[in-house]
Amino acid sequence: MRTSHSTDTCLLYLNDHIKQEVDAGKYCGMVMLDLQKAFDTVNHSILIDKLKAIGFDSLSVSWMQSYLEGREQMVEVNGTLSPPLPVSCGVPQGSILEPLLFLIYANDMSSACDCNLFLFADDSALLVSDRNKLQVEKTLSSELGRICTWLADNKLSLHLGKTESILFGSKTNSARPTASQLQWVTILSQGKMK
């Protein structure tokens with residue numbers, strides 16, 4: 001999906017893509033990926049490397065390192081504060097930079113797969129299509145494995161309770177590939193997708 005477009009635009013494009021594939025007689029398999037504590041698990045070193053890779057100058061990179069490092073957090077329980085502990089990962093919560101920094105961090109996720117990947121901040125949709133339903137399931141499983149490798153390399157993980165799969169097609173009554181067909185992770189089936 002192109003940059004500088006809203007989530008609504010991305011959802012409309014995703015919907016249109018699925019409709020076109022089904023209208024062309026293809027099956028379209030989708031896994032909606034939800035990242036677990038995505039903003040809280042951003043690795044500072046990896047983020048700094050990604051800023052350099054996309055062309056941030058040394059002054060901007062130094063400023064960002066200063067912004068991220070040296071932060072501490074405390075927890076209050078029953079009126080008692082814990083001692084301050086260093087924050088070693090994550091982007092500052094509530095800051096205007098929080099979503100932007102995460103998008104920069106996740107921007108190269110699409111390079112990990114050979115299929116359509118739609119990014120919605122900390123959620124994404126992995127989409128594959130083919131005239132053969134079994135090929136869709138096989139490709140989806142393979143691509144999901146590649147995404148899981150990218151996530152592990154970038155110190156991120158899937159929230160399995162919110163990750164869903166669905167198979168679109170006009171020739172099937174089956175709405176979802178089974179967990180055994182998606183070899184890399186067990187997708188919890190909740191009967192609905194948000």
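Take 1 as the starting number for the sequence shown in the UniProt record's numbering and just add one per residue. Just so it is clear, CB atoms sit at the ideal spot from N, CA and C, and this is done for glycine as well.
Give the straight-line distance between the Cα atoms of ASP57 and ALA112, rounded to the nearest whole angstrom. Rounded to the nearest angstrom, the two C-alpha atoms are 26 Å apart.
Helix, strand or coil at CYS115 according to DSSP, with G and I counted as helix: CYS115: coil per DSSP, three-state reduction.
Determine whether the beta carbon atoms of PRO86 and GLU72 lie at a separation below 7 Å. Cβ distance < 7 Å, so PRO86 and GLU72 count as in contact.
Backbone CA spacing between CYS115 and SER165 [nearest angstrom]: For the pair CYS115 and SER165, the Cα-to-Cα distance works out to about 15 Å.
Hey, how far is the Cα of GLN65 from the Cα of ILE48? Rounded to the nearest whole angstrom, the C-alpha separation of GLN65 and ILE48 is 7 Å.
Go ahead and label THR163 buried or exposed: buried means 16 or more other beta carbons lie within 10 angstroms of its beta carbon, across all protein chains shown. By the Cβ-count criterion, THR163 is buried, with 16 or more other Cβ atoms from all chains shown falling within 10 Å of its own Cβ.
Determine which residues share a DSSP beta bridge with GLU69 and list them. When beta bridges are read from the DSSP output, GLU69 appears opposite no residue.
Please identify the residue among GLY70, ILE104, GLU137, PHE168 whose C-alpha is closest to the C-alpha of ALA38. Answer by Cα proximity: ILE104.
According to DSSP, is ASN132 part of a helix, a strand, or is it coil? Coil at ASN132, not helix or strand.
Who are ASP34's beta bridge partners in DSSP? In DSSP, ASP34 forms a bridge with ASP123.
Rounded to whole angstroms, how far is the Cβ of GLU137 from the Cβ of GLY29, which I believe are closer than 8 Å? Confirmed, Cβ separation roughly 6 Å.
Alpha-carbon spacing of LEU35 relative to GLU69, whole angstroms: Their Cα atoms are separated by approximately 23 Å.
Compare the C-alpha of ALA152 against each of CYS10, ILE96, VAL42, SER141 and name the closest. Ranking the options by Cα distance to ALA152, first place goes to VAL42.
Does the beta carbon of ARG131 come closer than 7 Å to any beta carbon on chain D? Absent here is chain D; the protein component of the structure consists of one chain.
Close beta carbons around SER170, own chain, < 6 Å, minus the five adjacent residues each side: Result list for SER170: VAL22, in chain order.
Taking the continuous alpha helix (DSSP H) assigned at ILE45, which residues delimit it? Reading off the sequence, residue 45 comes out as Ser, not Ile. Where SER45 is concerned, the enclosing alpha helix (DSSP H) stretches over 44-53.
Test item: CB-CB of LEU14 and PHE168 under 7 Å: Result no, Cβ atoms of LEU14 and PHE168 do not sit closer than 7 Å.
Roughly how many angstroms separate the alpha carbons of ASP8 and ARG146, rounded to a whole number? Going by C-alpha positions, ASP8 is about 27 Å away from ARG146.
For ILE147, the three-state DSSP class (helix, strand or coil): In the structure shown, ILE147 sits in a helix (DSSP, three-state: H, G or I).
In the DSSP assignment, what are the bridge partners of ILE18? Per DSSP, none; premise fails for ILE18.
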